[in-house]
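Residue numbers for the sequence shown follow my numbering, so the first one is 1199 and each next one is one higher.
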Amino acid sequence: MSGFGYRIKGGRAEEISFKDALGDGADLVWMHLSTTADHAQLWLRERARLPEYIVDALTAQETRPRCEAVDEGAFLNLRGRSTEELDTTDLLASVRIWAVRGHVYSVTRKPLVAVGAVRKEVEAGKIADPGDLIAAFATAITADLDPEVAELGDRLDSCEADLDAARIFELRRTVTQVRVAAIGYRRFLSPQRTALETLAALPGDWLHQDDRRHLAAAADRAARMAEELEAIRERAALTHEALTDLRSEQIDHRSLIISIVAMIFLPLTFITGLYGMNVDNLPYQHEPWAFDAITGVCALIAAGVTIYFVQRHWFQR
């Protein structure tokens, strides 16, 4: 079974295996499972002795950010970036956490960037209780997402500053990617803010005041990112409309050029078609200068029609 565990006592963290004792008077025991397979469920039931409904919540297939107080503990589900490439419809991986006094159990299906950051804090002796650990998770997840949200805004800024008819398809592809990512992130950040606020307000002495402040700060940061993502989504929609209008103008201009060219050749086509008929008694059909005369007339007509459109600025955008 993949995962790891730590026993923390007196500010010192000792790594333990899934076969070690989970109590032993430690200040905190953190067990992290990176799978939701059957053997993980069996370990949570028989070794950790968690209630069935907690095991089901920790190993659920579909999860959204939420927080629920259960007896003396709390169940928390958060979403953060994964080290693996995820589907575009589900850009964030989940971490499910069950916390009670002295114990924290966390489960992930996909590798989470924040897990590594939290693990470093544990090994550095910065985590002393369940509240510290959960606050570290919330802070690490929001700190990791913040640059990603800023990057989306920067990419959209570049698209808005470089609106060019020659790059319409490239710009539309970038704007679409930014909009899809913004929608995917915002889908989880809004309920994540609510989950963190709910956890910060839960009664219980296993959450200290500094933990509640850190959770509230992470909730505020998630709220700010959700608002920024909503603004990015709206800006992306407006930029997409601007690119569509630019493309329409480009098509209209090209259609105008084609129409003008057709207007120039319309009288020429009539004259050449008339003299191309295989009938007798056409004027000047036997004169040696007739071809040159007809060619000259066609050239004069083409020049006259072209000058007419140029004077009225039909060729300009």
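Glycine residues also receive a C-beta, built at the ideal position from the N, C-alpha and C atoms. Note that the coordinates shown come from a computational prediction; the quantities given were computed from them, not determined experimentally.
- With a cutoff of 8 Å on beta-carbon distance, residue 1340 and residue 1210 are scored as not near each other.
- Unbroken beta strand (DSSP E) runs of no fewer than 3 residues, entirely contained in the stretch 1355 to 1387, are not found.
- With respect to the C-alpha of residue 1388, the residue from 1358, 1421, 1347 and 1411 having the closest C-alpha is 1421.
- Under the DSSP assignment, residue 1406 falls outside any beta strand (DSSP E); it carries neither an H nor an E label.
- At a Cβ-Cβ threshold of 8 Å, residue 1203 and residue 1241 do not count as neighbours.
- A straight line joining the alpha-carbon of residue 1308 with that of residue 1376 spans about 23 Å.
- In the three-state DSSP reduction, residue 1209 falls in the coil class, being neither helix nor strand.
- Residue 1303 is bridged by DSSP to 1229 and 1296.
- By the beta-carbon neighbour count (other beta carbons within 10 angstroms, threshold 16), residue 1453 is exposed.
- In terms of Cα proximity to residue 1426, the closest of 1414, 1381 and 1393 is 1381.
- In the structure shown, the three-state DSSP call for residue 1202 is strand.
- One alpha carbon belongs to residue 1469, the other to residue 1462, and they sit about 12 Å apart.
- The continuous stretches of alpha helix (DSSP H) do not include residue 1224, and DSSP gives it neither H nor E.
- Sixteen is the threshold: since fewer than 16 other Cβ atoms of the shown chains lie within 10 Å of the Cβ of residue 1455, the residue is exposed.
- Rounded to whole angstroms, the gap between the alpha carbons of residue 1226 and residue 1430 is 41 Å.
- If you ignore the 5 residues before and after residue 1313, its C-beta comes within less than 6 Å of no other C-beta in its own chain.
- Taking a C-beta distance under 8 Å as the contact criterion, residue 1231 and residue 1305 qualify as a contact pair.
- One Cα belongs to residue 1497, the other to residue 1472, and the distance between them is close to 16 Å.
- Going by DSSP, residue 1268 is part of the beta strand (DSSP E) stretching over 1264 to 1268.
- By the criterion of at least three beta-carbon pairs nearer than 8 Å, the stretch 1354 to 1372 is not in contact with the stretch 1324 to 1339.
- In the displayed model, residue 1280 falls within a strand according to three-state DSSP.
- Annotated as proximal: residue 1297 and residue 1328, with beta-carbon spacing under 8 Å.
- Closest in C-alpha terms to residue 1295, from the list 1324, 1255 and 1448, comes 1255.
- For residue 1237, the uninterrupted alpha helix (DSSP H) segment begins and ends at 1236 to 1244.
- In the three-state reduction of the DSSP assignment, residue 1502 falls in the helix class, which pools H, G and I.
- Taking all protein chains shown into account, residue 1261 has 16 or more neighbouring C-beta atoms within 10 Å of its C-beta and is therefore buried.
- Remark: three or more beta-carbon pairs, one from each stretch, lie closer than 8 Å, so the stretch 1364 to 1371 and the stretch 1430 to 1446 are flagged as touching.
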